[in-house]
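In the numbering used here, the protein residues as written are 25 to 442.
Working notes, beginning with the structure itself.
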């Protein structure tokens, strides 16, 4: 970049309020005329923590820079249009942080000495600097409000697509089901769904999109839509997973992915078919026995590699049984000491409330309370999502020439359908 070019850049014109005809406030004009172009190599400090601020203010015209704490930790990232050290022009002291060029960088610079010399001769320069700082602050506030608005929109997208009423599903034989998501402060990508494929078959699932914010919320919407659309075509659940995976790979420039546990329950045969696409293993209680983590195979996540094969697995899911699907926001919740709730903590929490296991709303309320008490006020870092299915009533085991369920006997008969 040449000295004759940089003053025509849009970021300079915007910062110094240059009009289309080239006009600008007198103080801004004097300040701009006093600035000079400086180049920095990658890894070179633009300003250094603890140094005197005599080199004044910089405006990044090209390249990027990192703001570093004294221990080298990254505080912020700067790019074209960002300003470094503006308060050094009018405030005594030393630099509070290091700003280091992350790439080759070009900056417009005015030293503290030159600024004070010009400002003492023409007080309008002080006014111009304060105006520029006000403009910069206003732009930062506006950007924060824009981001806040985007996060609120993403949150509405995320929660608006989730079913809230489960009464019609509970009309199925031996069926009580509910689901809940407690969002973190930011927007994550957790989602769940519950819907009927036909009069006898119920699909329910829980999933978690990598990443946060608007991209995760939109990717969640896309994944949830694909899953339901393919499920309603009466396809085997493994085939649904394969098709959804291929669709999510299309134009996935953000390189997001989904972990998911997809289930279909046939209430006539009490047969549960499912696919685990890289997700947490559920907890299951058989005929009133304690909850244990379900023994199932785990396949690859959705959205990373095309043409992946997914294994359809199956298990009897009888009256008297309960199943808890969840996302890692539950087991990876942290307390104020950095301890994790963990798989073991969840299993213990579920089993502490076995008396209410057949009442889903009450039961998962207990689980959420357990996680909250464990955290002891620590910030929630991830969405906490649970889908809980209970099958009240006594039933008869199907298959394998057995027609009775012995109390406490494990009769999962899980199979790999491929």
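Cβ atoms here follow ideal geometry from the backbone N, Cα and C, with glycine treated the same way.
The three-state reading of DSSP puts residue 298 in strand, counting E and B together. Around the beta carbon of residue 266, a 10 Å sphere encloses 16 or more other beta carbons of the protein chains shown; the residue is thus reported as buried. In the displayed model, residue 133 falls within a strand according to three-state DSSP.
For a cut-off of 8 Å, the C-beta gap from residue 133 to residue 60 is around 6 Å, short enough to register as a contact. Taken through DSSP and simplified to helix, strand or coil, residue 194 comes out as helix. If you compare the alpha carbons of 213, 327 and 340 with that of residue 310, the shortest gap goes to 340.
The segment 239-248 and the segment 293-310 do not touch, with fewer than 3 CB-CB distances between them shorter than 8 Å. For a cut-off of 8 Å, the C-beta gap from residue 125 to residue 70 is around 6 Å, short enough to register as a contact. Here residue 31 carries a helix assignment [DSSP, helix/strand/coil]. If you draw a straight line from the Cα of residue 369 to the Cα of residue 87, it comes to about 48 Å. In the structure shown, residue 90 falls within a strand segment according to DSSP collapsed to helix, strand and coil. Residue 146 sits in coil when the DSSP states are folded into three classes, being neither helix nor strand. With fewer than 16 neighbouring CB atoms inside 10 Å of its own CB, residue 197 falls in the exposed class. DSSP, read as helix, strand or coil, puts residue 233 in strand.
Spatial neighbours of residue 31 in its own chain (CB-CB distance under 7 Å, excluding positions within 5 residues in sequence) are listed in chain order as 56. Nearest to residue 351 by C-alpha distance, out of 44, 388, 232 and 298, is 232. Exclusion of the five residues before and after residue 239 leaves 278 and 280 as the residues of its chain whose Cβ lies within less than 7 Å of its Cβ. In the pairwise beta carbon analysis, the segment 310-321 is classified as not touching the segment 260-276: fewer than three pairs are separated by under 8 Å. A distance below 8 Å separates the beta carbons of residue 142 and residue 58.
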